[in-house]
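Number of protein chains: 2
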Amino acid sequence: MSELSTAPELIASNKCFGGWLKRYKHQSASTGTEMVFAIYLPPQAQSKPVPVLYWLSGLTCTDENFTQKAGAQRLAAELGMAIVCPDTSPRGTDHPGEHDSYDFGSAAGFYVNATQAPWAENYRMYDYVVDELPTLIEENFPVTDQRSISGHSMGGHGALICALKNPGRYQSVSAFAPISNPINCPWGEKALGGYLGDDRESWKAWDSCELIATASERLPLLVDQGEADNFLSEQLKPEALKQACEAAGHPLELRMQPGYDHSYFFIATFIGDHLEHHAKALGLK
Amino acid sequence: MSELSTAPELIASNKCFGGWLKRYKHQSASTGTEMVFAIYLPPQAQSKPVPVLYWLSGLTCTDENFTQKAGAQRLAAELGMAIVCPDTSPRGTDHPGEHDSYDFGSAAGFYVNATQAPWAENYRMYDYVVDELPTLIEENFPVTDQRSISGHSMGGHGALICALKNPGRYQSVSAFAPISNPINCPWGEKALGGYLGDDRESWKAWDSCELIATASERLPLLVDQGEADNFLSEQLKPEALKQACEAAGHPLELRMQPGYDHSYFFIATFIGDHLEHHAKALGLK
């Protein structure tokens with residue numbers, strides 16, 4: 002049973018590029034746990050509300066990987082864009098097996114709503130990211146209701162499904178090395194099987210390639226993928242995303258980047274292009 | 002007894018902003034231990050030798066803090082500047098007390114040559130940073146002999162003393178929140194007392210304020226210091242640096258930055274200005 006959501010409580014604050022990077026904790030109604038998130042408020046937010054880019058991180062991450070390693074605050078400060086980084090799973094619970102592997106349970110919530118015990122009680126990261134967190138952000142911070150979404154790997158796919166399942170909710174979407182077709186790769190099969198159970202039909206509501214076929218809104222997808230990414234062929238499968246987009250007539254800019262791997266050095270290199278993409282959609286350019 | 006130096010052996014490689022961030026290990030003659038360092042080679046290094054900025058990190062750090070958190074590779078790739086990041090102490094030894102505190106022993110070498118047992122055998126970070134590492138870099142990588150040096154906190158002071166003690170060796174120097182006057186602050190007293198012994202006169206050869214008084218080369222100092230830095234008044238003492246420079250006529254641009262703390266978010270905010278400072282001295286602008 003979920004407890005009610007509580008107001009965000011500040012736990013850390015650092016001035017950065019003239020704005021402020023702040024970390025908060027709050028009780029989440031979606032997950033029934035305490036959740037931590039980070040928000041970067043650019044200098045412009047001191048005088049007017051600014052739009053928000055939501056960033057969803059990948060397996061093993063917290064809210065801190067992106068804020069420390071992507072170098073995004075520099076351009077966000079120039080553009081006047083807030084960035085909100087949620088955690089990658091509920092924390093503080095201790096279900097059997099929850100902390101035993103890097104690709105399931107803690108830090109691996111996959112941005113779905115689990116239906117299987119014991120996960121269904123807390124692993125509701127989709128509701129948290131799509132509904133609860135934006136509501137909390139828009140009630141408590143100097144931001145507008147203009148939202149974009151991006152992420153990396155598990156979070157890149159999370160960004161795609163959040164946008165595809167919610168027409169009109171985001172102005173733009175992009176992804177770095179997303180797990181494009183989780184119903185057909187080991188990471189996805191493990192996660193969706195665990196959170197959703199054995200009925201593979203039920204997984205399709207959480208797979209970007211499936212969702213693209215029937216999407217009612219066709220926001221252009223910007224996707225960067227390193228060609229030297231160790232997970233490329235077995236887990237990420239950008240060709241499946243490409244085929245799904247071609248079949249459905251969904252606009253996709255898939256940029257294969259020679260020599261780049263799965264790390265934050267890859268993200269840092271191209272995050273500027275993604276922020277520019279979102280800034281245009283958010284009316285900042 | 003030191004073993005001979007060995008050639009660098011690649012341990013990691015990531016493409017980043019069109020160049021390559023590489024980590025190497027090698028046996029150091031200075032420290033008698035294996036040492037790890039990182040080098041960022043910008044795209045320009047694929048066709049011609051480039052000058053090098055040496056970055057010295059602070060207490061608790063390794064070569065990785067700067068490469069992951071400062072966001073320096075973006076501008077280094079634009080400017081055509083390599084960046085070399087050594088570790089902050091020898092590793093792999095286990096002297097009594099070596100790993101007991103964050104501000105002495107491992108990850109706290111203070112860029113001095115220790116004279117006291119048991120530290121004198123391995124804690125020779127000054128020789129390593131000033132002589133051995135640049136020789137190794139210039140023999141093994143596509144770089145020129147044009148060098149600049151910068152760093153943070155313990156490493157900010159390290160950069161100052163490396164430059165002040167070696168006229169002509171560096172084209173430029175800068176520092177973030179340096180421990181400006183270690184002979185007069187708790188961090189410095191603990192480190193210099195441990196590595197150099199009780200004779201405080203011997204410490205003066207490793208204190209930037211003392212060295213400024215008699216410097217034979219007066220490279221302009223660029224120093225950024227956050228006004229909200231928790232270590233400002235007790236440990237960092239920029240006013241001592243300012244007084245030493247004023248007394249000696251040493252050029253100093255000390256920039257007090259309102260609201261900024263001691264973190265890498267502070268460094269990331271101003272690293273661009275420092276790279277521009279070094280780029281001019283290195284003939285890149």
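Residue numbers (the working numbering), protein chains in the order written: chain P, 2 to 286; chain W, 2 to 286.
Backbone N, C-alpha and C fix where the C-beta goes; we use that ideal spot for every residue, glycine too.
None of these values were measured; they are calculated from a predicted model.
DSSP puts Cys186/W in a beta bridge; with which residues?
-> According to DSSP, which records beta bridges pairwise, Cys186/W is partnered with nothing at all.
Counting only beta-carbon atoms, is Tyr265/P nearer than 8 Å to chain W?
-> yes
Between the beta-carbon of Asn185/W and the beta-carbon of Lys238/W, is there less than 8 Å?
-> yes
Would a check of beta-carbon distances place Asp262/W closer than 8 Å to chain C?
-> The chain labelled as chain C is not found among the protein chains of the depicted structure, namely P and W.
Cβ of Leu22/P within 8 Å of any chain W Cβ | yes
Quick one, which of Gly157/W, Gly169/W, Lys191/W, Arg170/W has its alpha-carbon nearest Phe177/W's?
-> Gly157/W
Take Ala280/P and list the residues in its own chain whose beta-carbon comes closer than 7 Å to its own, dropping the five residues that flank it on each side.
-> Leu80, Met82, Lys286
Chain W contact for Lys16/P (CB, 8 Å cutoff) | Cβ-Cβ to chain W under 8 Å: yes for Lys16/P.
From the DSSP output, which residues share a beta bridge with Trp56/P?
-> Ser151/P
Residues of the stretch 72-94 of chain P whose Cβ lies closer than 8 Å to any Cβ of chain W, in chain order | Gly72, Gln74, Arg75
Span of the alpha helix (DSSP H), counted from its first residue to its last, around Lys23/W | Annotation for Lys23/W: no alpha helix (DSSP H) segment contains it, though the beta strand (DSSP E) segment containing it runs 20-28.
Residues that Gly110/W bridges to, as DSSP identifies them = Answer is none; Gly110/W lacks a bridge partner.
If you measure beta-carbon to beta-carbon, which residues of the stretch 195-221 of chain P are closer than 7 Å to chain W?
-> Listed in sequence order: no entries.
Determine which residues share a DSSP beta bridge with Ser175/P and list them.
-> Residue pairing from DSSP places Ser175/P in a beta bridge opposite Leu223/P.
Is it true that the stretch 44-59 of chain P meets the stretch 93-104 of chain P, where meeting means three or more beta-carbon pairs spaced less than 8 Å apart?
-> Short answer: they don't touch.
For the beta strand (DSSP E) that Phe38/P lies in, which residues bound it at each end?
-> 35-42
For Tyr55/P, collect the residues of the same chain with a Cβ closer than 6 Å to its Cβ; drop the 5 residues on either side in sequence, then sort them by chain order.
-> Excluding sequence neighbours, Tyr55/P sits near Val85, Ile150.
Contacting residues, own chain, Cβ-Cβ under 6 Å from Ser31/P (five flanking each side not counted) = Arg125, Asp128, Tyr129, Glu133
Of all the residues that make up the stretch 53-71 of chain W, which are near chain P by a beta-carbon distance shorter than 9 Å?
-> When C-beta distances to chain P are compared with 9 Å, the residues of the stretch 53-71 of chain W below that value are Thr68, Gln69, Lys70, Ala71, in chain order.
Using the C-alpha atoms, what's the distance from Lys191/W back to Asn182/W?
-> 13 Å
Please state whether DSSP places Ile272/W in a helix, a strand or coil.
-> Helix, per DSSP.
Give the straight-line distance between the Cα atoms of Met36/P and Thr270/W, rounded to the nearest whole angstrom.
-> 28 Å
State buried or exposed for Asn231/P, treating a residue as buried only when at least 16 other CB atoms are found within 10 Å of its CB.
-> Asn231/P comes out exposed.
Taking only beta-carbon positions, decide if Ala46/P is within less than 8 Å of chain W.
-> no
Excluding sequence positions up to five away, which residues of its chain have a Cβ less than 8 Å from the Cβ of Lys243/P?
-> Leu253, Leu255
Taking a Cβ distance cut-off of 7 Å, strictly less, list which residues of the stretch 275-286 of chain W are near chain P, in chain order.
-> none
With a threshold of 7 Å, establish whether the CB of Lys49/W neighbours any heavy atom of the ligand PLP.
-> As for the ligand PLP, it is missing from this structure, which has no ligand bound.
Find the residues of chain W that neighbour Thr270/P, judging by a C-beta separation of less than 7 Å, and give them in chain order.
-> Cys17, Phe18
When DSSP labels each residue in this structure, what does Pro135/W get in the three-state scheme?
-> helix
Residues near Lys205/P in its chain [Cβ-Cβ closer than 7 Å; skip 5 each side] = Ile184, Glu211
Going by beta carbon distance, what residues of the same chain come within less than 6 Å of Ala241/P, once the five residues before and after it are set aside?
-> The beta carbon of Ala241/P sits closer than 6 Å to those of Ser181, Asn182, Cys210, all from its chain and outside the five residues before and after it, given in chain order.
On the three-state DSSP scale, how would you describe Phe67/P?
-> helix
Compute the distance between the beta-carbons of Phe74/W and Cys17/W, then report whether it is under 8 Å.
-> Here residue 74/W turns out to be Gln, not Phe, going by the sequence shown. Yes, the pair counts as a contact, with Cβ atoms nearer than the cut-off.
What is the DSSP secondary structure of Lys191/P, reduced to helix, strand or coil?
-> helix
Would you say Asp101/W reaches chain P, if we count a Cβ-Cβ gap shorter than 8 Å as a contact?
-> no
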